[in-house]
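Sequence order for the protein chains is A, B and C. According to our numbering, the first sequence is numbered sequentially starting from 1. According to our numbering, the second sequence is numbered sequentially starting from 1001. According to our numbering, the third sequence is numbered sequentially starting from 2001. We treat Cβ as the ideally placed atom computed from N, Cα and C, and that holds for glycine. What follows is a single structure, written as structure tokens, with notes after it.
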Amino acid sequence: MIYNLPFLTVVALIAIGMYAMLFKKNLIKIAIGLTIVESGVNLFLITLGYREGGIAPIFTNLPPGMSPEEIPEKMVLPVPQALTLTSIVIGVAVLALILSLAIRIYRHYGTLNAEEVRRLKE
Amino acid sequence: MIESVEIYWNPLVWLIAFIVIAIVAYIIRAFGKKEHKKGEQAKPFLSGVEEPSKEAVHVRGGNVYWGFVEALKGYYGAMKKMHSGRVNDYVAWFVVIASILFVVLFALEAIL
Amino acid sequence: MNLMEHLPALIIAIPLITAFLTPLVDRASKKARNVLVFISLLITFILVVLLVQRVFDKGIITYVMGASNPTETIPKQAAVPIRIVLEIDGLSAFMLLISIFISFIGLIYSFAHIKEGGGRFYTLFLLMVVGMIGMELTGDLFNLFVFLEILSISSAALIAFEFKRATTIEAGIKYIIISSISALFVLFAVGLFYGEYDLLNMAAIANEIGGALSHIDKIALILLFSAFAMKAGTAPMHMWMPDAYGEAPGAISMVLIATTQASLYALLRVCFTIYNEALHVVFPIALILLGLASIFIGVTMALLQDDIKRLIAYAAVAEVGYIVLAIGAGLYGFLGGGDKFASLEMWKVALKGGIFHIFNDVLDIGLLFLVAGGIIYVTKERSLNKLGGLAHSMKYSSILFLIGLAAVAGLPPMNGFASKIIIYESIYGVSPILSIVAILASIVMLAIFVKIFHAIFTGPKLAEHGEVPKYMLASMIVLAGLIIFFGLFPDIVLKNLVNPAVNALMEYGKYISAVMG
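The structure is reproduced here in structure tokens:
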């Protein structure tokens, strides 16, 4: 059960993030909701790679008493770590874009409320 | 069966037919009277009132289909409410479609 | 160092490097920047044509990034592909040709109206081209996600390009929120695939899924389907499309159509190649219903609009509905549903109609967007209520608009008629109601555009204007010429481009064996 805890956290994070994106009206809160969903997905990717009792996947600095043949089973998977790093960087770029657009919206409309920032309707 | 579309639609045949019919229409038009007066005889009769300028009676673009929209007022009222323009609704429709698919896919196999 | 061997990598690398050089060259001189961007897109266009010819001659091409031998997809020590594999088959080649051609036309058009901020514009434009081409070249799911995000970020920045108007920024923020949430769910599905199979390559995952779907596969399928259907603009998730297309600057509206078609391509890859025969029959039915809803909502909402570009954007939603309807009918027959439909092989014709319509849709709606952009540039007015009698001064634009109108409504001899009649004829096999709705929607589409034509081109002259600039006219005439040419000779496109694409969709076995050996 303890090993399912990260996956339950992922579900909770995505649920909280989607709640914020669906029901909150402030544009900054919607952006925060998007970031929480992204954190949830990143946590999911990292958790996929975990192997019980595993060490960091670096070949050159092995702990003492480990021979090179028994390595792959004792290491956590390195590929999801690369995927997560890429995703974090993409998330930063998207967040920067959303926040700069929100600043310009505030200058044009005077408000950040999604109910009033809707000149483009129907 | 329908591997190539040219069995029943050959655009060149259509073009030739179009040109032939256009020539026939022009010949029929040429049989008309030539003594048609322009000017005073061609103006509309509005009980003596001066005909207003074309700029004043030109129906603007947004109003051309007023009758159609007015007749379907119930449908368009529902559509306008659906297209509210709020960002939350955009994400909400995604969640609705995904959950409908989820329910159908997993419930269908439980029932059947 | 054989050039032909490394074509796929060069096609991605050249616009990407130019995108990073453009701000530097822009500091020096504007003309040099225009020449640089033009040359790089021209070289990319030539390379894409060479690659497409190679694909049609030799079959599926694979290219492994970072290996000593580019075609060795499975290294000797492993049993599965490890590196990022770019895989180009008939459908990828078709979409690549459309994307690069439309980007090139958009570039020529944009030379006329981008006066300031050009350095930012062309950098973002080239990054958008890289995103589109990358999505269509790649054979790896995570790479698809990365290129999808590159595409979304640069498109959102381009939509919000004219930041002095308030509505463009609103459209930009709505677009990036929508794109971001759908891309995050795509990433979640990629994570699910990785957790289950330890594989990221599309062909390898297709090999592993085999015939039956596990629960995790089903969840991943639902997420991928919904996310890509939203990015492709099917109703009821279409509402970002009128905002984004309507507020983008002139040429970008047309290139945005090609970017939504890249998401449609990703949807086709997921349904036909990764899941192939194991796809549940719910999904083609869902595609058919979404297509019907898009057609109906698109044409009826377009009658309400006052803004010219927003109206054309709703017509674009309806056209996406036609494509999705035809592809859904094709997928339904592919999975064996509807005995008479499947036995007569009409589902192959439906697929041909759908894929041909992808090609025609971007040409027709692209021409309409270009003419609308030209009108807005010359008259500085966007609303239909204030324009009138433009044919007196803008003769060429009115003729080109008339050609686009006939093409979108499906009147002969334009190419829209050729693909729409294939669609009407083939979806009749699934249910007659679909054909009836499709034909009625075409009639309403004709009504919409006759409304615009009557309102803004005919009638008394309200104000004096000039003609659109020469670059704009050149790109519009090229598109109109292609529309009429492919309308008179549709077999050229059908035999050479559409048939290989449909064959590539149906023969998923070749896609899998090209990577897995």
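In whole angstroms, what is the alpha-carbon distance linking residue i and residue j?
i	j	result
residue 2048 of chain C	residue 2193 of chain C	31 Å
residue 82 of chain A	residue 2232 of chain C	28 Å
residue 120 of chain A	residue 1087 of chain B	11 Å
residue 2303 of chain C	residue 2058 of chain C	48 Å
residue 2073 of chain C	residue 46 of chain A	26 Å
residue 2496 of chain C	residue 2053 of chain C	10 Å
residue 1075 of chain B	residue 2253 of chain C	29 Å
residue 75 of chain A	residue 86 of chain A	21 Å
residue 2061 of chain C	residue 2436 of chain C	41 Å
residue 2023 of chain C	residue 2040 of chain C	15 Å
residue 2328 of chain C	residue 1025 of chain B	44 Å
residue 2030 of chain C	residue 104 of chain A	27 Å
residue 2285 of chain C	residue 2268 of chain C	15 Å
residue 2105 of chain C	residue 2212 of chain C	45 Å
residue 117 of chain A	residue 2314 of chain C	21 Å
residue 2187 of chain C	residue 2378 of chain C	44 Å
residue 1002 of chain B	residue 2491 of chain C	The pLDDT assigned to residue 1002 of chain B is 43, lower than 50, so where the model puts this residue is not dependable; a value taken from the coordinates is nonetheless given after this. So the alpha carbons of these two residues sit roughly 13 Å apart.
residue 2406 of chain C	residue 2367 of chain C	11 Å
residue 2071 of chain C	residue 2005 of chain C	9 Å
residue 2221 of chain C	residue 2214 of chain C	11 Å
residue 2312 of chain C	residue 2445 of chain C	10 Å
residue 1066 of chain B	residue 2447 of chain C	13 Å
residue 2162 of chain C	residue 1105 of chain B	44 Å
residue 1017 of chain B	residue 2237 of chain C	44 Å
residue 30 of chain A	residue 13 of chain A	14 Å
residue 2142 of chain C	residue 2002 of chain C	28 Å
residue 11 of chain A	residue 17 of chain A	10 Å
residue 2443 of chain C	residue 2262 of chain C	28 Å
residue 2098 of chain C	residue 2494 of chain C	14 Å
residue 2227 of chain C	residue 2390 of chain C	42 Å
residue 1049 of chain B	residue 1043 of chain B	12 Å
residue 1 of chain A	residue 57 of chain A	25 Å
residue 2383 of chain C	residue 2256 of chain C	22 Å
residue 2455 of chain C	residue 2512 of chain C	53 Å
residue 2145 of chain C	residue 2079 of chain C	24 Å
residue 2167 of chain C	residue 2484 of chain C	36 Å
Contact defined as beta carbons within less than 8 Å: I believe residue i pairs with residue j. What is the distance between those atoms, to the nearest angstrom?
i	j	result
residue 2248 of chain C	residue 2159 of chain C	5 Å
residue 2498 of chain C	residue 2355 of chain C	5 Å
residue 2360 of chain C	residue 2416 of chain C	6 Å
residue 1015 of chain B	residue 2413 of chain C	6 Å
residue 2096 of chain C	residue 2128 of chain C	At roughly 15 Å, the Cβ-Cβ gap does not stay under 8 Å, so residue 2096 of chain C and residue 2128 of chain C are not in contact.
residue 28 of chain A	residue 112 of chain A	6 Å
Hey, would you say residue i sits closer than 9 Å to residue j, going by beta carbons?
i	j	result
residue 2398 of chain C	residue 2453 of chain C	yes
residue 2516 of chain C	residue 2272 of chain C	no
residue 2324 of chain C	residue 2229 of chain C	yes
residue 1082 of chain B	residue 2300 of chain C	no
residue 51 of chain A	residue 77 of chain A	yes
residue 2089 of chain C	residue 2348 of chain C	no
residue 2137 of chain C	residue 2092 of chain C	yes
residue 2195 of chain C	residue 2176 of chain C	no
residue 2369 of chain C	residue 2245 of chain C	yes
residue 2219 of chain C	residue 2308 of chain C	no
residue 2103 of chain C	residue 2121 of chain C	no
residue 2107 of chain C	residue 2251 of chain C	yes
residue 1098 of chain B	residue 2223 of chain C	yes
residue 38 of chain A	residue 2180 of chain C	yes
residue 2320 of chain C	residue 2264 of chain C	yes
residue 2363 of chain C	residue 2473 of chain C	no
residue 1085 of chain B	residue 2239 of chain C	yes
Would you say residue i faces chain E, with C-beta separation under 9 Å as the test?
i	result
residue 1080 of chain B	Absent from the structure: chain E. Protein chains present are A, B and C.
For the ligand COA, is there a heavy atom less than 8 Å away from the beta-carbon of residue i?
i	result
residue 2275 of chain C	With respect to the ligand COA, the structure offers nothing, as it holds no ligand at all.
- Message: So within the segment 2295 to 2329 of chain C, which uninterrupted beta strand (DSSP E) runs reach at least 3 residues, ignoring any that extend past its ends?
- Response: none
- Task: Select from the segment 1084 to 1101 of chain B all residues with a C-beta closer than 8 Å to any C-beta belonging to chain A, and list them in chain order.
- Result: 1084, 1085, 1086, 1087, 1088, 1091, 1092, 1095
- Interface residues of the segment 63 to 97 of chain A facing chain B [CB-CB below 9 Å]: none
- Message: By the 9 Å beta-carbon criterion, what residues does the segment 1060 to 1071 of chain B contribute toward chain C?
- Response: 1060, 1061, 1062, 1063, 1064, 1065, 1068, 1069
- Query: What residues from the segment 2134 to 2158 of chain C come within 9 Å of chain A, judged by C-beta to C-beta, listed N to C?
  - Reply: 2142, 2145, 2146, 2149, 2150, 2152, 2153, 2156, 2157
- Task: Could you list the residues in the segment 2452 to 2467 of chain C with a C-beta less than 7 Å from some C-beta on chain B, going in chain order?
- Result: 2452, 2454, 2455, 2456, 2459, 2460, 2462
- Using a beta-carbon distance cut-off of less than 9 Å, what residues from the segment 2174 to 2205 of chain C approach chain A? 2174, 2176, 2177, 2179, 2180, 2181, 2183, 2184, 2185, 2187, 2188, 2190, 2191, 2192, 2194, 2195, 2198, 2200
- Cβ-based contacts, 7 Å cut-off: residues of the segment 30 to 52 of chain A near chain C: 30, 34, 37, 38, 41, 44, 45, 48
- Compile a chain-ordered list of the residues in the segment 2276 to 2287 of chain C whose CB is closer than 7 Å to at least one CB of chain B. 2280, 2282, 2286
- Message: Going residue by residue through the segment 2156 to 2201 of chain C, where are the continuous alpha helix (DSSP H) segments of at least 4 residues, counting only ones entirely within it?
- Response: 2166 to 2197
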